[in-house]
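Undergrad: According to the numbering used here, the sequence shown is numbered sequentially starting from 62.
Glycine is no exception: its CB is placed at the ideal position from the N, C-alpha and C atoms.
None of these values were measured; they are calculated from a predicted model.
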Amino acid sequence: MHQIARQAQQTSAVTLHHEIDTLTSSMTEMSQRISALVEGGKDLTGDVYVELVAVERTVGTLVRRLERLGSRLA
62 MHQIARQAQQ
72 TSAVTLHHEI
82 DTLTSSMTEM
92 SQRISALVEG
102 GKDLTGDVYV
112 ELVAVERTVG
122 TLVRRLERLG
132 SRLA
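#1: Grab the span of the alpha helix (DSSP H) containing Gly107 for me, first residue to last.
#2: Would you call the segment 122-129 in contact with the segment 93-107, where contact means no fewer than 3 C-beta pairs closer than 8 angstroms?
#3: I need the DSSP call for Gly101, collapsed to helix, strand or coil.
#4: Cutting at 7 angstroms between CB atoms, please list the residues of its own chain near Arg125, excluding the five before and the five after it.
#5: Report the option in Ser73, Val75, Tyr110, Glu117 whose CA atom is closest to the CA atom of Met88.
#6: State the CB to CB distance for the pair Val99 and Val114, rounded to an integer number of angstroms; the pair is presumed to be in contact (CB under 8 angstroms).
Given below as C-alpha cells:
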C-alpha cells in the first residue's frame, strides 16, 4: 500500500513539474512576443503603449515566478 502511495506521489510531482515547465515555456514565448511589440510600438497611441509595457512587466514577473516554482520542484 505504502509503495503505491509513494509511486503515485512521485508521478504526481513529475506531472506537476512537467506542467510548470510547459507553462513557463508558453509564458516565455508570450513575453518575447509582447517585448517585440513594445520595442516596435512607435505607432501605438500613448495609452496603448503604456498598457502594453504594463502587460510586458506582468508577464515577465509571472515567468520568473514559474521558473522559481519549477526549480523548487526539481
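TA: Taking the structure as given:
#1: Against the sequence shown, residue 107 aligns to sequence position 46. Counted as a single uninterrupted DSSP element, the alpha helix (DSSP H) harbouring Gly107 occupies residues 107-134.
#2: Taking one beta carbon from each stretch, the segment 122-129 and the segment 93-107 have fewer than 3 pairs nearer than 8 angstroms; the two do not touch.
#3: Locating residue 101 in the sequence shown gives position 40, where the first residue counts as 1. Look at Gly101 here: in three-state DSSP terms it is coil, with no helix or strand label.
#4: The residue you call residue 125 lines up with position 64 of the sequence shown. Excluding five sequence positions before and after Arg125, none of the CB atoms of its chain fall closer than 7 angstroms to its own CB.
#5: Position 27 of the sequence shown, counting from 1, holds the residue named residue 88. Looking at the Cα atoms, Glu117 is the closest of the given residues.
#6: The residue you call residue 99 lines up with position 38 of the sequence shown. The residue you call residue 114 lines up with position 53 of the sequence shown. A Cβ-Cβ separation of about 6 angstroms places Val99 in contact with Val114 under the 8 angstroms criterion.
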